[in-house]
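Trainee: All residue numbers for the sequence shown refer to my numbering, where the first residue is 190 and numbers rise by one.
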Amino acid sequence: MVALEEKWSRNKDKEDPEEEERDTGTKGMCGSEPTRGERKDMDSIREEMKELRADNYSLKKTIENLEKKWDKRDEEIVRKVTERMMENLEEEREREKKRNNIIMFNVPESRKTEISEITYEDRERCEEIFQGKLGVKDAKIQMIFRIGRITTGKVRPVIMEMNEVGIKWELVKRSKKLKNNDDQVTQKIIIAPDLTKREREENDRLREELTHKRQNGGQWIIRKGKVVRMHEVVGEQE
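#1: I'd like to confirm the pairing. Which residues does DSSP put opposite P382 in its beta bridges?
#2: With 16 as the cutoff for other CB atoms within 10 Å, does D383 come out buried or exposed?
#3: Is A328 near I348, with beta carbons less than 9 Å apart?
#4: I'd like the list of long-range same chain contacts for K322, defined as Cβ closer than 7 Å, with 5 residues on each side in sequence excluded.
#5: Tell me the DSSP secondary structure of E317 in three-state form.
#6: With contact counted as at least three CB pairs below 8 Å, one residue from each stretch, are the segment 378-398 and the segment 409-416 in contact?
#7: Find the nearest neighbour of R312 within the set M275, V296, T302, T224, judged by alpha-carbon distance.
#8: I'd like the ranges of any alpha helix (DSSP H) spanning at least 4 consecutive residues and lying wholly in the segment 383-407.
#9: Is the CB-CB distance between E350 and I333 below 9 Å?
#10: Please classify M293: is it buried, with 16 or more other beta-carbons within 10 angstroms of its beta-carbon, or exposed?
#11: Whose CA, out of K402, V344, E353, I378, lies closest to the CA of E298?
#12: Rounded C-beta distance between C315 and I330? I'm assuming under 8 Å.
#13: Helix, strand or coil for K413 per DSSP?
#14: So is L255 buried or exposed if we call it buried at 16+ other beta carbons inside 10 Å?
#15: Can you look up R418 in the DSSP assignment and give me helix, strand or coil?
#16: Rounding to the nearest angstrom, what Cα-Cα distance links I379 and E272 in this structure?
#17: Quick one: grab the DSSP three-state call for I348.
#18: So within the segment 232-317, which uninterrupted beta strand (DSSP E) runs reach at least 3 residues, ignoring any that extend past its ends?
#19: Does R338 come out as helix, strand or coil in the three-state DSSP assignment?
#20: How many Å lie between R268 and D393 at the Cα?
#21: Pull up the DSSP beta-bridge partners for I333, would you.
#22: Do you know how far the Cα of R418 is from the Cα of R363?
#23: Using three-state DSSP, classify D230 as helix, strand or coil.
#24: With H, G and I counted as helix, E and B as strand and the rest as coil, what does DSSP make of V325?
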């Protein structure tokens, strides 16, 4: 009788809903069917993992885009540096080519029709100016030609290569004397260095700056590639 009562008591305990839920929960944790709470936790974990994957993908794409931008930026930098180097190299070549050159303005043109005769007359006229009017006896023209199209009423500039760079600068230095010459045609002649495009642009910039500073007052001149006050130059000479 006692044995039957104990068996009945054990069966009753198993029918307890709370006890059954606890047992089910324990089994779920051990690998059997999960409880509602466990399923909720698992769904939450899956959602977090999904978000992490999305974040990782987005981060990866961001990094890839940044790398592409940096690659393009590096390519652009390399391209610009290369272009600048090529420009500088070409500038050096051009300056070397023009090293002994001068350009003259307002030199009367020959009426000859043959190029050889025109060249000969230009050479004779310019050397007479150099040696006779400016007193540079050693000045010799290696090459001479005019630039631009022939236009009625306009005199084309003359470019020439001198025999020495020192003579070139001596002619430029003494060319100011031509303004005081008795001959009105000679007074209009200008002698200047034959500059490269970059040098001409820099020269134009300096002249604009010089004009602006003089308009604001004071005595200014261009000296060694800079616009400086006159008294600074006088101080250097003293």
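Every residue gets a Cβ at the ideal spot worked out from N, C-alpha and C, and that includes glycine.
Mentor: On the basis of the supplied data:
#1: According to DSSP, which records beta bridges pairwise, P382 is partnered with I291.
#2: Buried, by the Cβ-count rule.
#3: Pairing A328 with I348 gives a Cβ-Cβ distance that is not under 9 Å.
#4: Non-local beta-carbon contacts of K322 in its own chain, meaning distances under 7 Å to residues more than five positions away in sequence, involve L367, N370, T375 in chain order.
#5: In the three-state reduction of the DSSP assignment, E317 falls in the helix class, which pools H, G and I.
#6: These segments touch.
#7: Considering only alpha carbons, the answer is V296.
#8: Fully enclosed alpha helix (DSSP H) runs of 4 or longer: 386-404.
#9: Closer than 9 Å, so yes.
#10: A buried status is given to M293, since no fewer than 16 other beta-carbon atoms sit within 10 Å of its beta-carbon.
#11: Of the listed residues, the one whose Cα sits closest to E298 is V344.
#12: Contact check for C315 and I330: beta-carbon distance about 6 Å, within the 8 Å limit, so the pair qualifies.
#13: K413 falls in the coil class under three-state DSSP.
#14: When all chains shown are included, L255 counts as exposed.
#15: In this structure, R418 counts as strand in the three-state DSSP scheme.
#16: Those two C-alpha atoms are separated by around 35 Å.
#17: Three-state result, I348: strand.
#18: For the segment 232-317, whole beta strand (DSSP E) runs of length 3 or above, ordered along the chain, are 290-294.
#19: R338 falls in the coil class under three-state DSSP.
#20: Roughly 28 Å between the two C-alpha positions.
#21: BP columns for I333 point to M349.
#22: Going by C-alpha positions, R363 is about 23 Å away from R418.
#23: Three-state DSSP puts D230 in a helix.
#24: Three-state result, V325: coil.
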